[in-house]
Each structure stands twice: as structure tokens, then as C-alpha cells.
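Heads up: the protein sequence lines correspond to chains A and B, in order.
When we follow the numbering used here, the leftmost residue of the first sequence carries the number 17, and every step to the right adds one.
When we follow the numbering used here, the leftmost residue of the second sequence carries the number 17, and every step to the right adds one.
2 protein chains.
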Amino acid sequence: MVRAGRGGVSSEFDKIALIERWLTGSEKRAPGIRIGIGDDAAVLSSRGPLVWTIDAQVDNVHFRDDWLAWEDIGYRATQAAISDIAAMGARPLAALASLALPAHFSDAKLERLVRGQAEAAHRSACPLIGGNLARASELSITTTVLGHAKKPLLRSGARPGDELWLIGEVGAAALGLAALERRVRPSRALKSCIARWRRPEPRLAEGLQLRGRARAAIDVSDGLAGDAAHIAAASGVRVLFDESLLLAALPPHLLEGAAELDLDPLTVALRGGEDYALLASGAAARRPRAAVPIGRVERGKGVYLQRGRRHLPLSGSFDHFSMRAPAPRAHAGKKK
Amino acid sequence: MVRAGRGGVSSEFDKIALIERWLTGSEKRAPGIRIGIGDDAAVLSSRGPLVWTIDAQVDNVHFRDDWLAWEDIGYRATQAAISDIAAMGARPLAALASLALPAHFSDAKLERLVRGQAEAAHRSACPLIGGNLARASELSITTTVLGHAKKPLLRSGARPGDELWLIGEVGAAALGLAALERRVRPSRALKSCIARWRRPEPRLAEGLQLRGRARAAIDVSDGLAGDAAHIAAASGVRVLFDESLLLAALPPHLLEGAAELDLDPLTVALRGGEDYALLASGAAARRPRAAVPIGRVERGKGVYLQRGRRHLPLSGSFDHFSMRAPAPRAHAGKKK
């Protein structure tokens, strides 16, 4: 399954041997993994339902190598994929990664990239057991992850009356990226935000806590409002953020950092992804410790922000707002 | 798990809805598939050992869109990944695909690409149940496939005394590609070769026939000699092709087509990949009907071609031969 791309075979084969070494070998002894790198496919034992995802990170789209160390690039690509497993309330089983590498990409860079992948895999207890090498003109990392969950948490389970829960934080990673884009000298608050963009952590333990408690869950990768729209659509409900609850849930480094960059922290939080927080819904009485209530689920459709008595729509045109824009304008949304 | 890349969210979401339609919906009713497109991850039921692979096809590296219809590009990317499952003697369970698409890539092209993927998935009884969308400057398709096999066939099982078996044909796809590269007006023979390059078929039924018969197997994607080297290295043996047996195994369209292009058919066969034949080894008495003997496994290491009484090395420098080169030169290889 680790396989050289067409052409350049001998050096690709050498790369595979190097990658196997960099991955530390521990992956072969992980439970459930019978065969790792070195055959046409990996072999796993499995019992019970599997959850399975694939995620890609592309140079100059999902990352920029002048803002990230190669270790960070490998780390975040791996954690981003594993986050989908967290959102299903599942436990990771293993991962495979396909690396598309430019011809000039040095083994030294590759080592740093793979060591970052291995570090993430180790941290998430999700052994990286193989993959694929291909040539490309731009670097990309595509990671597929398998996990176990007896009753996977879906996007479609939200019901009117549910509380809306945030697990982890949103907006800091987007703010960190904004700080890098503007080349500001980062304050302590912005440094925290940049660190969160560089080294996201999937909420695996918290995802497991949601089992039997949440009715629906998703990981926040496209932005809080956008991912809430997925829950709303899949569940056939309206998702309503409560502005004061959401503001209260924002961490100090987000508030301070947003002020320094002259951005609206609420808009940053609603649009920000890549912190890999979890957004879930469930009965208030069953809210787990790690979850912070930030709104509720109602009959209807779409995603709204409740500001006092007004309901401001966050779907559709909100999508085209920039983070610099003022908070979303009032709209004749239905009142509760 | 089907997920929009960063930015361009609304049109990405539309694309996902379209893709779901193009995939025909049958994938949700396939056995073992509980949840397909539309959540953070797919959900599957599984019993017994799983085999798992990932494979990438990149524009201008693995394919060129002026030589392939978009349907062909989707088709061959899917079949290439499924071929690894065939090589494990396994039955496909399902596939996920990550599409990296340039910003200008039209929905019309995307439809043709996805319909090609769906056609391959249907033909190989391997439902495509989800995936990921990302932006990129170059098009690539990364496919991950899960399969079931009680006793997966590995590369490492070959033993001295085994017969070497070819299942399917080798060289025709490479010759078809050469015909396209030279822009010749293709004869009937070359048209057959081009068709094999455009629409490869994984040898799934034959792979299942190898169970309990072959000791080792690999699919031929990097070239017959190169993939034999994987078996030799993994099994700690020497693989010896018999020139006369291999020549006898070459189909008429390969012999005719090679003559038209002034290429050595044996070299084309030894170097050619992308037909997705299977190369296996096992006891002569257990050879299945679909397998043609083309050599044997001995003590030692490396890959050799037996020509009369001489053993010509096919590893190392052979790698740099062009298909135009004369047959590999004599070498003081060990005699049998």
C-alpha cells in the first residue's frame, strides 16, 4: 500500500524505507493492526461498527509553509482528519496517509513532515500504519482514519428543545491565521491563537463523553455557523446561537487578540474553523462537563443568532461576510 | 466526511449534493454500509479482518486529460485503488474518495469524473460511500478502499520452489500510453492497448481464486520487474522470470503493437504497470486456472530473467532502462 508514484521508483522506495523508520515502528504493535507498511494494503482486526473518514490538506490552500514548520504541517493534517472521528464519538483505530510530493521535496523536509504526522498519531493514539507516495506539482497530505463506535454520533440527531453545546474553543485558530496574514508582531494573546492554528487537537476524550448524552455532533472545521448549518440541514431543525452565551464562552486570548487586530470577536468565533472544537446538541439535563451551552435547537430550519429579542440569520449571505464586517445586520427572522 | 475545502463554501456544498446524486444513491443500501455521504465519517459494519489501502492519481503525473475522458480519469483512479484489494485476495467493502479540484473545474467535468468513479465502483461491487472535496491548483483523486479477507495474501509469503504466476496481462497499458505519447494513428492492436490503459480492471475474481493456492501476491502497478522486486524483498527470495514462458504469455495485441512502435515487447512487459495484473507465487500443483506460469522462486535475492542458461539481473540499473533499450545485457548472474 505504500507505493511509489509512477517514475522515480528507486528513490521513492528509499523514501518508503525512511518513512517506515520515522514512524518509529510502534504502529505495527498497536492492537488490531496485523500488517502495517510494506504490503498492498494494511490488515486490521475489527469488531463492531467502524467510522471512516478522509481529509486532504493542500499547500497554499490549507497551509503555507512559510507560516508553519514542516512538523506542524504533518501534525495538523493528521489531527484534522482524526477530528472527524472525535465528532462521531468514536475511538481512533488507525490512519493511512497519501503524500503527494513535488519532485524537489527534500528528504530532510519529508522527515520533519512525517515526524509531525507521527507525533499527532501518537498523541491521538491513532497509529499511522501506511499510505502512499505520489508525485505532484504541489504538496498535499490526504489522511484516512478508521475508528470504532458502538453508536456513532451523527449530524442528524438534533431535536427541537435540545441545548446547543460547544466543546473546546472556536475562533482562535482563525485569529492566529489572521495575525500571520497581517504579519503583526504577535502579543501573548495572539501567540496563543497562532499556536492553536498550528497545532490543533481533536476533541477525542470529549467526543467519547458525548456518547449517550448528545443527540447530534459535528467538528467545527468550516466555521461554527457553517457547521451548525450542517446539523440544521441533516436534522431538519433550526439552530439558534445565543449571542450572550456565545460571547461568554469566548476565551480571553480571543477577545484580546481580536481587539488588537480590530476584528469583531463574535464574527471571528462564528466564522472560525480549524480549532476543531465540537458542536453538539442534547437534553440540558444530560450536558457533559466539557460542554458549554451556547444556544438551542428549535423547530424550523437554518441557523440564527439571537441578539436580545432579534433573530439574525447566519446562513446564506453570512457566508460572504468577512471577519472585518460588522456583526450581522438585523433581519425579520421569526421570533421565538 | 464529505466536506468543503476552506473558502468557497456554498458552491462546495452544492457540489456535494450533486455528487451524492451522481453516485446514484445505491451506495447507502449496500451491505455493511450504515451511513454514507453526509456526516463527519461513514459508518460501516464489519466482521473479520479488514484490508485497507489508499492510492492517489495526480493530473499530469498519473493521467493527462487530453488523452482521457473525465469518466476514464474517475474510472481508473478508482480501479487502481481497488486493485490493491484484489492483490490481498480480498473482497471490496467500500471506498471513500478525496477530490482536490482547481477553482475553475466545472460541474460538468466533475459530473463526468464522478460518474466514472461510480461506474468503476459499481463494476467492482465496491460502493463509493463518501469522501472529501478540497481546492488545489492541480486535480488529484485520492481513493481509500476497505476490503474483507479471512487470510489476506501478503507479499512476504513466497518460498523457494514456488512457481511464479501471472494473472491478467502486463505491458498493454504501457504500450497504449506510448502510442498516445507518440500521437500515432493507432492500429487495432494499439487501440486494444489504449483501451487497457484507459479502463483498467482490478483482478478481483482472480484474487479470490488465489486464496488457499498462492503463497504471495502483488498487483502490478509499478511494472512487472519492479513489483517482483517487492515480493523478492518481502519474502527474502530470488524471483526468476523465464523468458520463453513470459514471451509465450504475451497477448497478440502487445506483440503487434510493440512491433508497430519499434519497441521490445519483453521489455515493455517487464517494465509495464497500470494493467493491474496480479503476480503471485505458489506450489505448481495448486496453480489456479487463471494463472499462467512465467518463472519460479529460488533461494537468494533480487529479480532475474532467465534467457537460455543465463540469468540477467532485472533490478537496480534495469530501472533506468527505457522501453526502447535493447533487452537487458548479459551479466555474470548465478546460474541455476
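By construction, the Cβ of each residue, glycine as well, lies at the ideal position given by its N, Cα and C atoms.
Source: prediction; values computed, not measured.
- Message: Buried or exposed, going by whether 16 or more other CB atoms sit within 10 Å of the CB of B:Glu197?
- Response: On the second sequence, residue 197 of chain B is found 181 positions in, with the first residue counted as 1. Answer is exposed; the Cβ neighbour count stays below 16.
- Task: Output the distance between the C-alpha atoms of A:Ala137 and A:Ser153, rounded to the nearest integer angstrom.
- Result: Translated into the one-based positions of the first sequence, residue 137 of chain A becomes position 121. Translated into the one-based positions of the first sequence, residue 153 of chain A becomes position 137. Roughly 26 Å between the two C-alpha positions.
- Contacts of A:Leu112 in chain B (Cβ-Cβ under 9 Å): Your numbering for residue 112 of chain A matches position 96 in the first sequence. Those within 9 Å of A:Leu112 in chain B are Trp68, Thr69, Ile70, Thr160.
- Closest by CA to A:Ser62, which one among B:Ala165, B:Ser99, B:Asp75? Start at 1 with the first residue of the first sequence, and residue 62 of chain A comes out as number 46. Comparing alpha-carbon positions, the option among B:Ala165, B:Ser99, B:Asp75 lying closest to A:Ser62 turns out to be B:Ala165.
- If you draw a straight line from the C-alpha of A:Val59 to the C-alpha of B:Val161, how long is it? By 1-based counting over the first sequence, the position of residue 59 of chain A is 43. By 1-based counting over the second sequence, the position of residue 161 of chain B is 145. Approximately 12 Å, taken between the alpha carbons.
- Tell me, please, whether the CB atom of A:Leu330 is closer than 8 Å to any CB atom in chain B? For the purposes of this step, residue 330 of chain A is taken as the residue at position 314 of the first sequence. The beta carbon of A:Leu330 sits no closer than 8 Å to any beta carbon of chain B.
- In the DSSP assignment, find the unbroken alpha helix (DSSP H) run with A:Arg80 in it and report its ends. The sequence position of residue 80 of chain A within the first sequence is 64, counting from 1. For A:Arg80, there is no enclosing alpha helix (DSSP H), as DSSP marks it with neither H nor E.
- Which word fits A:Gly64, buried or exposed, when buried means at least 16 other C-beta atoms lie within 10 angstroms of its C-beta? As a first step, residue 64 of chain A is located in the first sequence; it is residue number 48 there, counting from the start. Here A:Gly64 is exposed, its C-beta having fewer than 16 other C-beta atoms within 10 Å.
- Task: For the alpha helix (DSSP H) containing B:Asp243, list its first residue and its last residue.
- Result: For the purposes of this step, residue 243 of chain B is taken as the residue at position 227 of the second sequence. B:Asp243: member of the alpha helix (DSSP H) spanning 240-251, first to last residue.
- Keeping to the same chain, check which residues put their C-beta closer than 6 Å to that of B:Arg92; ignore five residues upstream and five downstream. Within the second sequence, residue 92 of chain B is the residue found at index 76, counting from 1. Once the five neighbours on either side are set aside, the close Cβ partners of B:Arg92 are Pro216.
- Query: Buried or exposed: which applies to B:Ser251, given that a residue is buried once 16 or more other Cβ atoms fall within 10 Å of its Cβ?
  - Reply: The sequence position of residue 251 of chain B within the second sequence is 235, counting from 1. Its Cβ being crowded by 16 or more others within 10 Å, B:Ser251 is buried.
- Item | Contact with chain B by A:Ser61, beta-carbon distance below 8 Å | Position 45 of the first sequence, counted from the start, is the residue given in the question as residue 61 of chain A. For A:Ser61, the answer is yes, since a Cβ of chain B falls inside 8 Å of its Cβ.
- Message: Is there a C-beta anywhere in chain B that falls below 8 Å from the one on A:Asp56?
- Response: On the first sequence, residue 56 of chain A is found 40 positions in, with the first residue counted as 1. Yes, A:Asp56 counts as interfacial toward chain B.
- Message: For A:Arg212 and A:Glu185, what's the separation of their Cα atoms in angstroms?
- Response: Translated into the one-based positions of the first sequence, residue 212 of chain A becomes position 196. Translated into the one-based positions of the first sequence, residue 185 of chain A becomes position 169. Approximately 10 Å, taken between the alpha carbons.
- If contact means a Cβ-Cβ distance below 9 Å, which residues of the region 164-178 of chain A contact chain B? For chain B, the residues of the region 164-178 of chain A that bring a beta carbon within less than 9 Å of one of its beta carbons are Ala165, Pro168, Leu169, Leu170, Arg171, Ser172, in chain order.
- So does the region 220-229 of chain B actually touch the region 272-291 of chain B, counting three or more Cβ pairs closer than 8 Å? The count of Cβ pairs closer than 8 Å, one atom from the region 220-229 of chain B and one from the region 272-291 of chain B, stays below three, leaving the stretches out of contact.
- List in chain order: all unbroken alpha helix (DSSP H) runs of 4+ residues lying wholly within the region 136-163 of chain A. Along the length of the region 136-163 of chain A, whole alpha helix (DSSP H) runs at least 4 residues long do not occur.
- Query: Which two residues bound the contiguous beta strand (DSSP E) that contains A:Gly64?
  - Reply: By one-based count along the first sequence, residue 64 of chain A stands at place 48. Looking at the DSSP string, A:Gly64 is not in any beta strand (DSSP E), and its letter there is neither H nor E.
- Just how far apart, CA to CA, sit B:Ser297 and B:Arg312? Taking the first residue of the second sequence as 1, we reach residue 297 of chain B at position 281. Taking the first residue of the second sequence as 1, we reach residue 312 of chain B at position 296. Distance from the CA of B:Ser297 to the CA of B:Arg312, rounded to the nearest whole angstrom, comes to 8 Å.
- Query: Do you know how far the Cα of A:Ala264 is from the Cα of B:Thr159?
  - Reply: Taking the first residue of the second sequence as position 1, residue 159 of chain B is located at position 143. Taking the first residue of the first sequence as position 1, residue 264 of chain A is located at position 248. Straight through space, the alpha carbons of A:Ala264 and B:Thr159 are spaced by roughly 42 Å.
- Message: By the three-class DSSP mapping on this structure, what secondary structure does A:Pro309 have?
- Response: The residue given as residue 309 of chain A occupies position 293 in the first sequence. In the structure shown, A:Pro309 adopts extended strand secondary structure according to DSSP, grouped into three states.
- Query: In chain A, which residues lie less than 7 Å from B:Ala116 when you measure between Cβ atoms?
  - Reply: As a working mapping, residue 116 of chain B is identified with position 100 in the second sequence. The answer, in chain order, is Ala72, Val74, Ser156.
- Are the C-beta of B:Gly228 and some C-beta of chain A separated by less than 8 Å? Indexing the second sequence from 1 puts residue 228 of chain B at position 212. For B:Gly228, the answer is no, since every Cβ of chain A falls outside 8 Å of its Cβ.
- Task: Indicate whether B:Asp123 and A:Leu170 have their beta-carbon atoms separated by less than 8 Å.
- Result: Indexing the second sequence from 1 puts residue 123 of chain B at position 107. Indexing the first sequence from 1 puts residue 170 of chain A at position 154. The answer is no: Cβ separation not under 8 Å.
- Query: Among the residues of its own chain, which have a CB less than 7 Å from the CB of A:Trp38, if the five just before and after it don't count?
  - Reply: Position 22 of the first sequence, counted from the start, is the residue given in the question as residue 38 of chain A. Once the five neighbours on either side are set aside, the close Cβ partners of A:Trp38 are Glu127, Val130, Arg131, Ala134.
- Find the nearest neighbour of B:Lys317 within the set B:Arg323, B:Ile247, B:Leu279, B:Leu277, judged by alpha-carbon distance. Within the second sequence, residue 317 of chain B is the residue found at index 301, counting from 1. Checking every option, the nearest Cα to that of B:Lys317 belongs to B:Ile247.
- Which class does A:Ile89 belong to by DSSP, given the choice of helix, strand or coil? As a working note, residue 89 of chain A is residue 73 in the first sequence. Residue state, collapsed to three classes: helix.
- Message: Can you confirm whether the region 254-274 of chain A touches the region 299-310 of chain A when touching is taken to mean that 3 or more C-beta pairs between the two stretches lie within less than 8 Å?
- Response: Short answer: they touch.
- Bridge partners - B:Ala113, DSSP secondary structure assignment: Counting from 1 along the second sequence, the entry for residue 113 of chain B is found at position 97. B:Ala113 is bridged by DSSP to B:Gly147, B:Thr159.
- Item | Same chain only: Cβ atoms within 8 Å of A:Glu87, ignoring 5 sequence neighbours per side | In the first sequence, the residue the question calls residue 87 of chain A occupies position 71. Contacts found: Arg128, Leu129, Arg131, Gly132, Glu135.
- Query: With distances taken from CA atoms, which of B:Leu286, B:Asp235, B:Gly187 is nearest B:Leu295?
  - Reply: By one-based count along the second sequence, residue 295 of chain B stands at place 279. Residue B:Asp235 is the option with its Cα nearest to B:Leu295.
- Item | Which listed residue (B:Ser203, B:Ile53, B:Arg229, B:Ile70) has its alpha carbon closest to that of B:His269 | Counting from 1 along the second sequence, the entry for residue 269 of chain B is found at position 253. Taking B:His269 as reference, the option from B:Ser203, B:Ile53, B:Arg229, B:Ile70 with the minimal CA-CA separation is B:Ser203.
- Within 8 Å (strictly less), CB to CB, does A:Gly147 reach chain B? Along the first sequence, read from residue 1 onward, the residue named residue 147 of chain A stands at position 131. Output row for A:Gly147: interface = yes.
- Task: Give every residue of the same chain whose Cβ lies closer than 7 Å to the Cβ of B:Pro176, excluding the five residues on either side of it in the sequence, and list them in chain order.
- Result: Within the second sequence, numbered from 1, the residue matching residue 176 of chain B stands at position 160. So the qualifying residues of the chain are Val253, Val313, Glu314, Arg315.
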